[in-house]
Amino acid sequence: MSDTERPLDRQTALITGGAGGLGSRVAATLAERGVKVVLADLNSHALERASEVLRKEVPTGTFVGVQIDVTDSSAVRTAVEATVADHGSLDILVTSHGFPKDGRLLEMSDDAWSDVVNVCLTGTFVCVREAARPMVEQSYGRIITVASRAWHGNPGQANYSAAKAGVIGLTRSVAKELGRYSITANSIAPGLIETPSLRNLERFEQIAERARKDNSIKRLGEPNDVAAAVRYLASPDAGFVTGEVLHVSGGRFG
Numbered sequence: 703m704s705d706t707e708r709p710l711d712r713q714t715a716l717i718t719g720g721a722g723g724l725g726s727r728v729a730a731t732l733a734e735r736g737v738k739v740v741l742a743d744l745n746s747h748a749l750e751r752a753s754e755v756l757r758k759e760v761p762t763g764t765f766v767g768v769q770i771d772v773t774d775s776s777a778v779r780t781a782v783e784a785t786v787a788d789h790g791s792l793d794i795l796v797t798s799h800g801f802p803k804d805g806r807l808l809e810m811s812d813d814a815w816s817d818v819v820n821v822c823l824t825g826t827f828v829c830v831r832e833a834a835r836p837m838v839e840q841s842y843g844r845i846i847t848v849a850s851r852a853w854h855g856n857p858g859q860a861n862y863s864a865a866k867a868g869v870i871g872l873t874r875s876v877a878k879e880l881g882r883y884s885i886t887a888n889s890i891a892p893g894l895i896e897t898p899s900l901r902n903l904e905r906f907e908q909i910a911e912r913a914r915k916d917n918s919i920k921r922l923g924e925p926n927d928v929a930a931a932v933r934y935l936a937s938p939d940a941g942f943v944t945g946e947v948l949h950v951s952g953g954r955f956g
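Here it is as structure tokens:
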């Protein structure tokens with residue numbers, strides 16, 4: 703571990719999409735290592751439920767919930783400033799927010815395009831920019847953006863694929879720009895992850911069967927798979943890793 707690294711139990715993380723199945727699992731995994739966690743989500747009720755569950759699951763953990771719209775620069779800036787004021791630093795940002803709104807290209811509305819791009823790409827830009835401010839001041843930080851295997855391009859997902867490809871381009875640019883401040887920036891590109899929102903889809907079994915067939919590892923991904931990747935990228939072990947895309951997709955890349 704270099705002189706610029708910090709043990710996880712001295713760090714604070716802000717996790718967007720923190721009330722979701724993926725974000726809450728990341729929160730639990732980091733809290734188990736002593737990281738103080740701020741959960742950010744638009745859904746206040748889901749945020750309350752997730753915080754309650756996490757406090758029971760990790761009794762020694764510190765969890766704070768904050769309702770924000772990731773596309774609202776002022777709200778994100780306020781959340782970041784409050785995190786630093788309350789906990790002394792913001793060391794780790796994990797952007798796990800986002801959603802698809804699928805449709806064939808010729809039938810995709812302007813709203814379907816802009817809704818997805820605004821949240822998935824612009825929202826990530828806003829969060830990264832605001833979190834980077836205190837990270838630059840303290841000369842330390844871990845920026846971990848959750849992209850998707852869809853960045854390679856998927857039929858029916860022009861909006862989502864473009865947004866997630868943009869997230870990767872953003873992350874690599876940030877890695878080159880902010881590395882001088884001992885800030886790393888990496889993306890995780892999950893495949894199909896079995897979250898509650900996925901299981902609630904009417905076509906879940908059909909989608910899951912196709913994924914099992916196409917994956918080299920013949921199962922669906924689990925939130926723990928992504929959380930383990932986040933834990934690594936946030937740890938001192940990844941201090942010389944930046945600008946990378948870590949696929950957590952069971953061997954399915956295209």
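The numbering of the sequence shown is my numbering, which starts it at 703 and goes up by one.
Every residue, glycine too, gets a C-beta built ideally from N, C-alpha and C.
Based on the DSSP output, what are the partners of G843 in its beta bridges? I885
Tell me whether T762 is buried or exposed, calling it buried when 16 or more other Cβ atoms sit within 10 Å of its Cβ. exposed
Taking contact to mean at least 3 C-beta pairs separated by less than 8 Å, is the region 915-931 in contact with the region 886-897? yes
Cα separation between C822 and T714? 23 Å
Nearest to A852 by alpha carbon, out of I845, I846, R844, N861? N861
Same chain only: Cβ atoms within 6 Å of G868, ignoring 5 sequence neighbours per side: L823
Kindly provide the ranges of any alpha helix (DSSP H) runs that are 4 or more residues long and lie completely inside the region 720-795, ordered along the chain. 723-733, 746-759, 775-789
What does the Cβ neighbour count give for L903, buried or exposed, with the cut at 16 atoms within 10 Å? exposed
With V782 and L716 assumed to form a contact (beta carbons below 8 Å), what rounded beta-carbon distance in angstroms separates them? 7 Å
Restricting to Cα atoms, I'd like to know which of G725, E707, A877 is closest to D927. G725
Near G825, which residues of its chain fall below 7 Å by C-beta distance, leaving aside the five closest residues on each side in sequence? V772, T773, H799
Would you report the Cα separation of K803 and V768, rounded to the nearest angstrom? 25 Å
Cβ of V943 within 8 Å of any heavy atom in the ligand NAP? Looking at this structure, you won't find the ligand NAP or any other ligand, since it has none at all.
As a quick exercise: from P898, A787, T764, S889, pick the residue whose alpha carbon is nearest that of V830. S889
At the level of alpha carbons, what is the spacing between D793 and A864? 28 Å
Supposed close pair D711, R735 - CB separation, criterion 8 Å: 6 Å
Is the beta carbon of M837 less than 9 Å from the beta carbon of I770? no
According to the neighbour-count rule (16 or more other Cβ atoms, all chains shown, within 10 Å of its Cβ), is R915 buried or exposed? Checking the sequence, you will find Lys at residue 915 rather than Arg. Exposed, because fewer than 16 other Cβ atoms sit within 10 Å of the Cβ of K915.
In angstroms, rounded to a whole number, what distance separates the CA positions of L749 and D788? 19 Å
Pick helix, strand or coil for L903, following the three-state DSSP scheme. coil
Three-state class that DSSP yields for V943 in the structure shown: coil
D812 to T944 span [Cα, whole Å]: 34 Å
Near G855, what residues of its chain come up, given a Cβ to Cβ distance below 7 Å and the 5 sequence neighbours on each side ignored? S863
Buried or exposed: where does F765 fall if 16 or more other Cβ atoms within 10 Å of its Cβ makes it buried? buried
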